[in-house]
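S.K.:
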Amino acid sequence: MVFNFISVLIPFALFFGLPTVLGSSKHRVLLAAACLVYAVSWYIPSPPIDGRDTAFMTHFFGGGVFCGLLGLYIKLVTDWRAKWYGELTALYALTSALGVLNELFEVLLYSQGLMPNGISDTSWDLLANTLGAATFFAGYTLGRVTWRS
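Mapping of the sequence shown onto this note's numbering: residues 55 to 203, in sequence order.
1. Given that a residue counts as buried once 16 or more other Cβ atoms are within 10 Å of its Cβ, and exposed if not, what is Val119?
2. For Val199 and Ala192, I'd like the C-alpha separation in whole angstroms.
3. I think Tyr97 touches Pro65, with their Cβ atoms under 8 Å apart; what is that distance to the nearest whole Å?
4. Between Gln166, Phe110, Pro170, Leu126, which lies nearest to Thr176 when the distance is taken from Cα to Cα?
5. Round the Cβ separation of Leu84 and Leu126 to the nearest angstrom and send it over; I've been treating them as touching at under 8 Å.
6. Report yes if the CB atom of Phe69 is closer than 7 Å to the CB atom of Cys89, and no otherwise.
7. Is DSSP giving Ile173 helix, strand or coil here?
8. Using CA coordinates, which residue listed in Glu157, Arg82, Asp133 is at the minimum distance from Gly117?
9. CB-CB under 8 Å to Asn201, same chain, minus the five flanking residues each way: which ones, in chain order?
10. Using three-state DSSP, classify Ile103 as helix, strand or coil.
11. Around the C-beta of Phe115, are 16 or more other C-beta atoms found within 10 angstroms, so that it is buried, or is it exposed?
12. Relative to the alpha-carbon of Gly77, which residue among Asp107, Leu130, Thr149, Thr143 has its alpha-carbon at the smallest distance?
13. Identify which residue in Leu163, His113, Ile128 has its Cα closest to the Cα of Ala144.
14. Comparing C-alpha positions only, which one of Ala86, Asp104, Thr108 sits nearest to Met169?
15. Suppose contacts are defined by Cβ-Cβ distances below 7 Å. Is Asn183 in contact with His81 by that definition?
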């Protein structure tokens, strides 16, 4: 129940709140795509790892790919320019910060008895976030190079 609520609340809050915080209504389609990926990621089946149910695909898409889209949105709205390694570092920092925040939230839920499967998959979750962001960045970079050609 909590997770169904989160899968709607966070995208809704971001879609309506972030443009206000950034002072721009440009690139809302990109923000909508990020929010949609986050919302849908909660319902994508994940493979078992070490014989246990995981949320690997949720973190891959809802953590990593979502952060890639969100970072791109912020980059375009703020007109931030950097070399590829600066963009990659910023994406890694965003993904890491939001991933750790999510894992701390899971600890809070666990302490309240709302995480019946436990929190022993944290390392896999952070790996999935990082792989999702790296996959997004690779696709974005290859696409950008292709469009310039």
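Glycine is no exception: its CB is placed at the ideal position from the N, C-alpha and C atoms.
M.R.: To lay it out plainly:
1. Residue mapping note: residue 119 aligns to position 65 of the sequence shown, counting from 1. It counts as buried.
2. Numbered from its first residue, the sequence shown carries residue 199 at position 145. Numbered from its first residue, the sequence shown carries residue 192 at position 138. Distance between the alpha carbons of Val199 and Ala192 is about 11 Å.
3. Numbered from 1 along the sequence shown, position 43 holds the residue referred to as residue 97. Numbered from 1 along the sequence shown, position 11 holds the residue referred to as residue 65. Contact doesn't hold; Cβ gap of about 13 Å is too wide.
4. Position 122 of the sequence shown, counted from the first residue, corresponds to residue 176. The shortest C-alpha separation from Thr176 is found at Phe110.
5. Taking the sequence shown and counting its residues from 1, one reaches residue 84 at position 30. Taking the sequence shown and counting its residues from 1, one reaches residue 126 at position 72. Confirmed, Cβ separation roughly 6 Å.
6. On the sequence shown, position 15 is the one that residue 69 refers to. On the sequence shown, position 35 is the one that residue 89 refers to. Closer than 7 Å, so yes.
7. For the purposes of this step, residue 173 is taken as residue 119 along the sequence shown, with counting starting at 1. DSSP places Ile173 in the coil class of the three-state scheme, outside both helix and strand.
8. Looking up residue 117 in the sequence shown gives position 63. Distances from the alpha-carbon of Gly117 to those of Glu157, Arg82, Asp133 put Glu157 closest.
9. By one-based count along the sequence shown, residue 201 stands at place 147. Looking at the sequence itself, residue 201 is Trp, so the reference to Asn does not match. No residues qualify anywhere along the chain.
10. Working through the sequence shown from its first residue, we reach residue 103 at position 49. Per DSSP, reduced to three states, the secondary structure at Ile103 is strand.
11. By one-based count along the sequence shown, residue 115 stands at place 61. Classification of Phe115: buried, given that the 10 Å Cβ count is 16 or more.
12. For the purposes of this step, residue 77 is identified with residue 23 of the sequence shown, where counting begins at 1. That would be Leu130, whose Cα lies nearest to the Cα of Gly77.
13. The sequence position of residue 144 within the sequence shown is 90, counting from 1. Ranking the options by Cα distance to Ala144, first place goes to Ile128.
14. By 1-based counting over the sequence shown, the position of residue 169 is 115. Measuring from the Cα of Met169, the nearest candidate turns out to be Thr108.
15. Working through the sequence shown from its first residue, we reach residue 183 at position 129. Working through the sequence shown from its first residue, we reach residue 81 at position 27. For Asn183 and His81, no; Cβs fall outside 7 Å.
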